[in-house]
């Protein structure tokens, strides 16, 4: 029976009989599930040792291992504390934190915490280790006194041809948004494009479609062994405890201690993966999750749920922070470029052939919006952190298969103006990606740019000469055709002479190797000579257009494969992808192809970067198309046929 409670006296008065028959509750639109008295829904006690998720939500945990029922229901990761570990509740990170006392200032990141419009940001921009003044615009020849390569042809005909080709093939003009002072943040409507297309990087918070879903295809190295995974307690990196759990901090530590050194060619003192990316990861939550995802990939040797979890968190945080119309400061540009370079490296390590290129193009867009490479370096006073970002971008620009067909995204002259004599100085050290190879990489970049121009001019000339115009008997038209062919052939001859001289005069900067031991010095010198061979072989193949069966090219191939075999067991294994591809294009005998196949097997088994596997697929496809060696095929054309944007760094 039901009763009514009087509000004034709080007494219960008997009412009329209930209109609902308790024996037949299905009638009168009242449905109530019968409650079982012998079973209780949920945990029967409040646990003080539950999982992190239940503790943080202040919910009861049934302590079912390895995954409690609450986490299973919510479809989230269940993380447990280790024995004796104190619970550190996540707290909201303030917009700005004061730097720790006594911590030395080593660059941009060591001066403070991230703040979109911080009052102390101006001091942040002016502090740190500056490399050189941005006003150094002195002219240099192609090879300066220290052996550093300077872009630009000494022949005015070649330079004018390149300039005309750049102007005729330039993209539509881009209006650069002016970057204002931190006190007046810039408003950019579309700094981060949240795209829903499947062909672009999806930045929605719950989206992780960039990662392959095939659980049975591990992209991790098969025989590349890191040391056994060690659990690092969160106390080692207290800055991460605000937004990363204990496993996330361990993934970041694993990246720092075991992964970053294996991916670089520099000593630890100039490993800016740790100096720049790791320090920023302790400040910025999105970068922290991105680094944790990268580290988790090498811990699990596959695309584990931990990898997808931290990757999704990183993408969601950036998309939420930089929406349309948000105020973007100079420091935000720095964070965005770093974030996309971290994702770029993460995808390249997986052997990805599409998503990394999307991240790279977003970096390119950010740099253009800032005003270009020179403006970026000058605005941040050529700090070592900025030097690393520019060097990182340049390295991936010239190592993309896109550059071997269409040329680098940024003109070589712009890179040459930035990479002056004091860019890679002793305070910066050996670059973690380029090492001491910047002079030869600049030479390769100029080869790619010139070859793109030659390729375009040749296609237009062939289209004219092979077109049936019916004007073969017109003397004026015949004379014009002869003039066009003569100009093109003379241009090619002058380019060949210029590159032959540049390759011979290209020398390593010995000042960067002054503090290295003899063993490391020999490795860097061998790598430099190896890439000089790569440039020369590429010049013979695609600029001189020599057949792979020629004696000149085969002699270079023998020297190239000897140099590769000497570096297979060194730390330079991470830069051998491009030499392998060039050697594969030049190999046509069964002996050379078997020898190169054995080298590929060794490198695939030991290299921590998985793009070597796709390089091997490209080489085999090249051999299939050119079984007799009578054709000159470009590996980048094969990548384009396969629909790949392959990075060979």
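In UniProt numbering, the protein residues as written are 1 to 649.
For glycine and all other residues, C-beta sits at the position ideal for the given N, C-alpha and C.
Here the structure is a predicted model, which means the values were calculated and not measured.
Sheet register partners of residue 492 (DSSP bridge): In DSSP, residue 492 forms no bridge with anything.
Counted within 10 angstroms of its Cβ, other Cβ atoms place residue 58 as buried (16 or more) or exposed: exposed
Nearest candidate by alpha-carbon position, reference residue 406, set 423, 248, 367, 454: Residue 406 has its Cα closest to that of 454, out of 423, 248, 367, 454.
Simplified DSSP state of residue 431, which is helix, strand or coil: strand
Residues near residue 609 by beta carbon distance below 6 Å, same chain, minus five either side: The beta carbon of residue 609 lies closer than 6 Å to those of 349, 574 in the same chain, with the five residues before and after it left out.
Short Cβ contact (8 Å threshold) for residue 572 with residue 527: Between residue 572 and residue 527, the C-beta gap is smaller than 8 Å, which places the two residues in contact.
Whole alpha helix (DSSP H) elements within the stretch 489–553, 4-residue minimum: 518–538
Alpha carbon of residue 376 to alpha carbon of residue 324, nearest angstrom: 22 Å
The stretch 579–593 / the stretch 544–554 touching (three or more Cβ pairs under 8 Å): yes
Cβ pair count under 8 Å reaching 3, the stretch 420–438 against the stretch 492–500: no
Contacts around residue 623, its chain only, beta-carbon distance under 7 Å, and the 5 residues preceding and following it disregarded: These residues qualify, in order along the chain: 593.
Pick from 395, 300, 70 that is closest to residue 649, judged by C-alpha positions: 395
Check whether residue 296 and residue 307 have beta carbons under 8 Å apart: Yes, they are a contact pair.
Three-way DSSP call (helix, strand, coil) for residue 296 in this model: helix
Separation of residue 80 from residue 52, as counted between CA atoms: Computed Cα separation, rounded: 6 Å.
Span of the alpha helix (DSSP H) around residue 384: Its alpha helix (DSSP H) spans residues 384–398.
Rounded separation between residue 267 and residue 384 - CA only: Straight-line Cα distance between these residues: approximately 15 Å.
Other residues of its chain near residue 71: CB distance less than 8 Å, five sequence neighbours each side excluded: 51, 53, 54, 77, 78
Three-way DSSP call (helix, strand, coil) for residue 262 in this model: coil
Neighbourhood of residue 513 by C-beta, 7 Å cutoff - its chain only, sequence neighbours within 5 removed: 436, 521, 524
contact_flag[the stretch 560–567, the stretch 539–547] where n(CB pairs < 8 Å) is 3 or more: no
Among 639, 293, 482, 392, nearest to residue 367 - alpha-carbon criterion: 392
6 Å Cβ shell around residue 276 - same chain, five flanking residues per side excluded: 385, 388
Alpha helix (DSSP H) segment containing residue 331, residue limits: 330–350
Within 8 Å, strictly: CB atoms of residue 399 and residue 419: no
Reference residue 426; option with closest CA among 460, 249, 511, 346: 511
Residue 582: first and last residue of the uninterrupted alpha helix (DSSP H) it sits in: 577–586
Alpha-carbon spacing of residue 303 relative to residue 358, whole angstroms: 20 Å
With 16 other Cβ atoms within 10 Å as the buried cut-off, status of residue 75: exposed
Close beta carbons around residue 633, own chain, < 7 Å, minus the five adjacent residues each side: 585, 622, 625, 626
Endpoints, the alpha helix (DSSP H) within which residue 732 is located: The structure shown has nothing for residue 732, since the chain only spans 1 to 649.
Nearest-angstrom Cα separation, counted from residue 581 out to residue 640: 15 Å
Within the stretch 348–378, ranges of the alpha helix (DSSP H) (whole runs, at least 4 residues): Annotation note: the stretch 348–378 contains the following uninterrupted alpha helix (DSSP H) runs of length 4 or greater, listed N- to C-terminal: 355–370.
Extent of the continuous alpha helix (DSSP H) run through residue 311: 305–321
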